[in-house]
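Numbering (my numbering), first residue to last: 3 to 363.
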């Protein structure tokens, strides 16, 4: 190695932010192993690289003792005093033992160390970049697939989209451009591992931010999202500006904004409702598109008893209970739905019980 090598390390520090000092220390440590491996040495050695010229020297380190038992590791006081009269017992004596052919080994080792450190630095940069994007949305292209994952090309690295995080019945193909939610970014021995999702409610939230300027600007706020990916979602929105209709802003002119999101989510139906801090009003809105006659809120039980017209009961509950289930997720309230006729029959039963109780007395 020479001064040109030192200059190259300085250039790496400027261009990639990898400290030349740290690189040189790593090279020195690697050269110690290379020396012992190539020259069958059990000596305690130190490698020094001149920070200006790049010259490499290997020094054997021996401890000064009265009677040496291992000449590779120890030296007598008399022998040490011949080198320097100031040495004392217990001191370390260093003697240069640089082999003539060590330059070739050193150059090869240095190349390996620098290449490895560059790779590690790049992985670190990629990790930092994507770690800052956790819980955000990203666009990528399906590069390949196997039984467990779809591998998504993210330009600088690859993301993993598990089969369990893909929209049910969605068929992804190589070359498809998709948007996904970054669940988490983990460090591994092979570099950063970026786990993606297409079913997380956060994906819908981020898509709304992309498509609806009023949400991005903070005029309209997404208060809650409940999602059953591939089937139906409910979104509660609130406007900070009384002149801005939050539902209209999300739907967009002729439904264009919400339709773009529906298209990205492969036809998933999206109910946009207006959030209210009044639980009764919020629960009633959450059961949309069903019409609600009455809501009784039981604060202590966090339960809402809802009455709907008879012909709206199946709509309020939804297919396999989906509408009621999503409304409960969205509001955070347990929702008990009854039709008007059911409530009427119950009232009649209770009235009869009261009447019978009166006559029995």
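Where a beta carbon is used, it is the ideal one built from N, C-alpha and C, also for glycine.
Residue i and residue j closer than 9 Å at C-beta
i, j, result
"residue 161", "residue 198", "yes"
"residue 36", "residue 111", "yes"
"residue 309", "residue 342", "yes"
"residue 304", "residue 336", "yes"
"residue 157", "residue 142", "yes"
"residue 182", "residue 224", "no"
"residue 194", "residue 166", "no"
"residue 171", "residue 244", "no"
"residue 221", "residue 237", "no"
"residue 328", "residue 288", "yes"
"residue 249", "residue 239", "yes"
"residue 231", "residue 169", "yes"
"residue 75", "residue 85", "no"
"residue 271", "residue 235", "yes"
"residue 62", "residue 46", "yes"
"residue 29", "residue 116", "yes"
"residue 266", "residue 209", "yes"
Run of the alpha helix (DSSP H) containing residue i, from where it starts to where it stops
i, result
"residue 307", "From DSSP, residue 307 is part of no alpha helix (DSSP H) but of the beta strand (DSSP E) over 305-310."
"residue 116", "104-133"
"residue 327", "324-333"
"residue 215", "215-218"
"residue 84", "79-85"
Cα-Cα separation, residue i to residue j
i, j, result
"residue 207", "residue 213", "10 Å"
"residue 8", "residue 73", "35 Å"
"residue 226", "residue 23", "51 Å"
"residue 228", "residue 334", "10 Å"
"residue 69", "residue 49", "27 Å"
"residue 41", "residue 114", "19 Å"
"residue 64", "residue 57", "23 Å"
"residue 211", "residue 307", "33 Å"
"residue 15", "residue 77", "41 Å"
"residue 13", "residue 52", "17 Å"
"residue 82", "residue 66", "7 Å"
"residue 119", "residue 11", "11 Å"
"residue 108", "residue 26", "12 Å"
"residue 179", "residue 144", "7 Å"
"residue 188", "residue 216", "33 Å"
"residue 205", "residue 185", "10 Å"
"residue 259", "residue 124", "38 Å"
"residue 326", "residue 313", "16 Å"
"residue 164", "residue 196", "11 Å"
"residue 302", "residue 146", "52 Å"
"residue 339", "residue 345", "10 Å"
"residue 130", "residue 152", "23 Å"
"residue 284", "residue 241", "15 Å"
"residue 251", "residue 192", "44 Å"
"residue 219", "residue 319", "35 Å"
"residue 80", "residue 106", "36 Å"
"residue 102", "residue 134", "50 Å"
"residue 347", "residue 322", "25 Å"
"residue 19", "residue 128", "14 Å"
"residue 273", "residue 137", "23 Å"
"residue 297", "residue 203", "27 Å"
"residue 278", "residue 291", "17 Å"
"residue 293", "residue 311", "7 Å"
Which residues DSSP lists as bridging residue i, in chain order
i, result
"residue 50", "59"
"residue 255", "Beta-bridge pairing links residue 255 to no other residue."
"residue 21", "DSSP, once it has assigned bridges, lists no residue as partnering residue 21."
"residue 183", "139, 199"
"residue 164", "151"
"residue 188", "195"
"residue 316", "The partner list for residue 316 (beta bridge, DSSP) is empty, contrary to what the question assumes."
"residue 146", "153"
"residue 341", "310"
"residue 66", "77"
"residue 336", "305"
Limits of the beta strand (DSSP E) - the one that residue i falls within
i, result
"residue 199", "193-199"
"residue 271", "271-276"
"residue 95", "94-98"
"residue 429", "Nothing in the structure corresponds to residue 429, since the chain is present only between 3 and 363."
"residue 289", "That residue, residue 289, is in no beta strand (DSSP E); it is neither H nor E in DSSP."
"residue 222", "222-230"
"residue 296", "296-300"
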